[in-house]
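Just so we're aligned: the sequence shown equals residues 0 to 246 in numbering that gives the first Met the number 0. C-beta atoms are modelled at their ideal positions from N, C-alpha and C, and glycine is treated no differently. Okay, so here's the structure we're looking at.
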Amino acid sequence: MKIQKQTLKFLIAIIVSSLIGGLLGWFIIHFETAIFHGLLNFQNLILHNNLYIQFFIFGLCALLILIIFFSVKHKLNRLDPNDDALFDQIDHQLGVLLPLISATMISGFCLFGITVTNALNEPVLIGLVLFLLNTSFALIMMVLTIKLTKVLYPEKKGNPLDFNFDKEWIKSCDEAEKFVIYKASYRCYQLMNFVYCGVMTLCLLISIAVNIGIFPYLLIGFLWITQTLVYARSANRFQHGQLDNVQ
Numbered sequence: 000m001k002i003q004k005q006t007l008k009f010l011i012a013i014i015v016s017s018l019i020g021g022l023l024g025w026f027i028i029h030f031e032t033a034i035f036h037g038l039l040n041f042q043n044l045i046l047h048n049n050l051y052i053q054f055f056i057f058g059l060c061a062l063l064i065l066i067i068f069f070s071v072k073h074k075l076n077r078l079d080p081n082d083d084a085l086f087d088q089i090d091h092q093l094g095v096l097l098p099l100i101s102a103t104m105i106s107g108f109c110l111f112g113i114t115v116t117n118a119l120n121e122p123v124l125i126g127l128v129l130f131l132l133n134t135s136f137a138l139i140m141m142v143l144t145i146k147l148t149k150v151l152y153p154e155k156k157g158n159p160l161d162f163n164f165d166k167e168w169i170k171s172c173d174e175a176e177k178f179v180i181y182k183a184s185y186r187c188y189q190l191m192n193f194v195y196c197g198v199m200t201l202c203l204l205i206s207i208a209v210n211i212g213i214f215p216y217l218l219i220g221f222l223w224i225t226q227t228l229v230y231a232r233s234a235n236r237f238q239h240g241q242l243d244n245v246q
């Protein structure tokens, strides 16, 4: 009975997905011109205002990062060993700060790529300076944030400027922390499979109205296959004891 319900749910999901895909395809075909001009206008908006967008994003992110960083630093200076509430608050802020710094750096690479793409109509030198400033700022703040984390957790080891930092850091984690890391990694793997599938479907639908070329498909396919093979190979090696629990 349970298997029949699961099969029925799967078939319903396939049918619903097919209907949604068909409706989206019909919509794109009948509004091809409007969609094409909308995408073109959006692209031109990004290209023509790329530097302003970079200034805004980098400025906003830098402001948020500095506010959270100095807030954490101030709270660490007055942290009492028995104050669990303040400890949890600092830990939560650090959990927000590190992803924010990473997102800032990633957005810098993305926007600099747009700058290079629009090199004929945009001063590349300004874009390069912004990119270098953003990357340097993100790296410095990443190192300082990790040092603050090591103050909160003195047992943590590893130099953030060392290529083996990840291994040293995980080695210094206890079993509960390692479990959280591995569980989050698997959750990310599962989610990224849906993301790749969704982006591939989106490209297929957009290609009905706009010729996006073959490179989006090649790039998504390469990343998707690479992730799948790396996961499968790592899982197989862990299973057969070829990797230890911290690599």
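Close beta carbons around residue i, own chain, < 6 angstroms, minus the five adjacent residues each side
i, result
"LEU46", "ASN117"
Buried or exposed by the 16-neighbour rule on C-beta atoms within 10 Å, applied to residue i
i, result
"CYS60", "buried"
"ASN81", "exposed"
"GLY126", "buried"
"GLN238", "exposed"
"THR148", "buried"
"PHE55", "exposed"
"ALA225", "Note that residue 225 is Thr in the sequence shown here, rather than Ala. Per the 10 Å Cβ criterion, exposed."
"ILE19", "exposed"
"THR6", "exposed"
"ALA137", "buried"
Which of helix, strand or coil DSSP assigns to residue i
i, result
"TYR152", "coil"
"ASN43", "helix"
"LEU119", "coil"
"GLY212", "coil"
"LYS74", "helix"
"GLN246", "Bear in mind that the predicted position of GLN246 carries a pLDDT of just 49, short of 50, making it too unreliable to give a figure here."
"HIS36", "helix"
"ASN235", "helix"
"PRO80", "coil"
"PRO159", "coil"
"ASN49", "helix"
"SER171", "coil"
"PHE164", "helix"
"PHE86", "helix"
"PHE30", "coil"
Residue closest to residue i, alpha-carbon to alpha-carbon, out of the options
i, options, result
"SER106", "GLU121, MET191 and LEU131", "LEU131"
"THR58", "LEU99, GLN92 and TRP25", "Here the sequence assigns Gly to residue 58, which means Thr is not the residue at that position. Of the candidates LEU99, GLN92 and TRP25, the one whose C-alpha sits nearest the C-alpha of GLY58 is LEU99."
"LEU110", "GLU154, VAL128 and LEU93", "VAL128"
"LEU151", "CYS202, PRO122 and ASP90", "ASP90"
"GLY24", "LEU44, ILE180 and CYS202", "CYS202"
"ALA234", "PHE193, LEU18, ASN192 and SER184", "SER184"
Whole-angstrom C-beta distance between residue j and residue i, which should lie under 8 angstroms
i, j, result
"LYS156", "LYS170", "7 angstroms"
"ASN49", "ILE113", "5 angstroms"
"TYR247", "ILE219", "Outside the shown range of the chain, which is 0 to 246, sits residue 247, and nothing can be said about it."
"ILE67", "GLN92", "6 angstroms"
7 angstroms Cβ shell around residue i - same chain, five flanking residues per side excluded
i, result
"ILE27", "ILE34, LEU204, ILE207 and ALA208"
"LEU97", "THR144"
"LYS72", "LEU147"
"TYR230", "TYR188"
8 angstroms Cβ shell around residue i - same chain, five flanking residues per side excluded
i, result
"GLU167", "LYS156, GLY157, ASN158 and ASP161"
"GLY197", "none"
"VAL115", "VAL123 and GLY126"
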